[in-house]
Structures are given as structure tokens and as C-alpha cells.
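Engineer:
Numbering (full-length UniProt numbering), first residue to last: 1 to 173.
Next comes the structure, spelled out in C-alpha cells:
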């Protein structure tokens, strides 16, 4: 349906504000709000996952309740939990490599979520998933941990890209 009304804007007419409905492709304002929209594109096309392979990166988890919600929402796809600390060089290197591989480089289906362990509310989750050091990746299927991946201190070196990619694809669908 090409005449779907997607945005209403306020315009001023003789000192009175009135609500005017505009079409996505007709308004200059909507071109600013939706810069990548195509004229013949449906609304559902704009809400597809951002990666080309359909994998998702969930919002960072900062409590056990948020982790439970993430696991419940993701019960059909494999999930990799990245137990990390923000600002730590080793954690940042692993997180960057993980995001790039999952969102851009692998064709297999897997989602990721960062669990920020510097919050006290996530300490029980570390025990629940058997995390003994940070950073640690935990592969989860249907809320149960199935595999772990830990890295040594990465002070002067980079992440072993091939090893990490092999581990991700082993635990993906």
C-alpha cells in the first residue's frame, strides 16, 4: 500500500497549529527522518534486522532480570553471551571482533548480547553460566550454556580471528 501515512507533522497556519498528515515519500521532512527509504518500499522493510545475515545484537544486559528477558526473547536462535567490562582493552578487542564476525562475516544464524559484569546485578549470572574470568563468551541454546570461549590477556596482540570465527560458527545454526 503506497499511500500509507507514516508521519504527522505540525504546521502553522495563521497562528493556529494544525495536524497535517504527509506521505513518507512526499515530504522533505520525512526524507530527513527516513534517509534510506525507497519510494516503493513498504513499512515492514524498514524494520528488518540491520545485518545482512539476519543476526541481531541485543542491548547490553545490566541485571539478571534483563538477561532472563533476553534469553526468553531469543529462545529459537543460538545466543552468544559476551561477559565483558566496559573500558577494558582486552574486553573491547574481543567485543569488537565478536560484533564484526557475527553481524558482518558469518552466514550462520546466531545472536549476541553483552553482559556487563561491572554491575553488581549481573554477579549471579556469572555463577549461573560458569564464568570464571572476564572476558568470556558463552554459547547458549534454549537458555542453557553449551560452550565457553576465553582469551588470554591481549595487551600487545589482537584477537585470534580465525579461532574466534571457528568457535562462533561451531555454535551457530
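Beta carbons: idealized from backbone N, C-alpha and C, even for Gly.
#1: Can you tell which of 150, 74, 113 has the C-alpha that lies nearest to the C-alpha of residue 90?
#2: Residue range of the alpha helix (DSSP H) that residue 113 falls in?
#3: DSSP on residue 150, reduced to helix/strand/coil?
#4: Tell me whether the beta-carbon of residue 125 lies closer than 8 Å to the beta-carbon of residue 140.
#5: Could you check how far apart the C-beta atoms of residue 106 and residue 170 are, in whole angstroms? I think they sit under 8 Å.
#6: Taking just the CA atoms, how far does residue 64 sit from residue 168?
#7: With H, G and I counted as helix, E and B as strand and the rest as coil, what does DSSP make of residue 166?
#8: Nearest to residue 163 by CA position, among 143, 101, 142, 66, is which residue?
#9: Thinking just about the alpha-carbon of each residue, which of 99, 104, 123, 143 is nearest to the one in residue 159?
#10: Would residue 81 pass as a contact of residue 138 if the rule is Cβ separation under 8 Å?
#11: Looking only at its own chain, which residues have a Cβ that is under 6 Å from the Cβ of residue 145, when we skip the five neighbours before and after it?
#12: Keeping to the same chain, check which residues put their C-beta closer than 7 Å to that of residue 174; ignore five residues upstream and five downstream.
#13: Taking the C-alpha atoms as reference points, what is the distance between residue 178 and residue 79?
#14: Are there 16 or more other CB atoms within 10 angstroms of the CB of residue 117, so buried, or fewer, so exposed?
Structural biologist: Considering the structure as presented:
#1: Within the chain shown, the letter at position 90 stands for residue 90. That would be 150, whose Cα lies nearest to the Cα of residue 90.
#2: As a first step, residue 113 is located in the chain shown; it is residue number 113 there, counting from the start. Looking at the DSSP string, residue 113 is not in any alpha helix (DSSP H); the run it does join, the beta strand (DSSP E), is 111-116.
#3: Your numbering for residue 150 matches position 150 in the chain shown. DSSP places residue 150 in strand when its eight states are reduced to three.
#4: Taking the chain shown and counting its residues from 1, the one referred to as residue 125 is at position 125. Taking the chain shown and counting its residues from 1, the one referred to as residue 140 is at position 140. Contact flag unset, no.
#5: Counting from one through the chain shown, the residue named residue 106 turns up at place 106. Counting from one through the chain shown, the residue named residue 170 turns up at place 170. Taking 8 Å as the upper bound for CB-CB distance, residue 106 and residue 170 are not in contact here, some 11 Å apart.
#6: Against the chain shown, residue 168 aligns to sequence position 168. Against the chain shown, residue 64 aligns to sequence position 64. For the pair residue 168 and residue 64, the Cα-to-Cα distance works out to about 24 Å.
#7: As a first step, residue 166 is located in the chain shown; it is residue number 166 there, counting from the start. In this structure, residue 166 counts as helix in the three-state DSSP scheme.
#8: Along the chain shown, one-based indexing puts residue 163 at 163. Measuring from the Cα of residue 163, the nearest candidate turns out to be 101.
#9: The residue labelled residue 159 in the question sits at position 159 within the chain shown. Closest option to residue 159, Cα to Cα, is 99.
#10: Taking the first residue of the chain shown as position 1, residue 81 is located at position 81. Taking the first residue of the chain shown as position 1, residue 138 is located at position 138. The answer is yes: Cβ separation under 8 Å.
#11: As a first step, residue 145 must be located in the chain shown, where it is residue number 145. So the list reads 129, 138, once near-sequence residues are dropped.
#12: In the structure displayed, the chain extends from 1 to 173; residue 174 sits before or after that span and is not available.
#13: No answer is possible for residue 178: the residues shown for the chain start at 1 and end at 173.
#14: Within the chain shown, numbered from 1, the residue matching residue 117 stands at position 117. Buried, since its Cβ has 16 or more Cβ neighbours within 10 Å.
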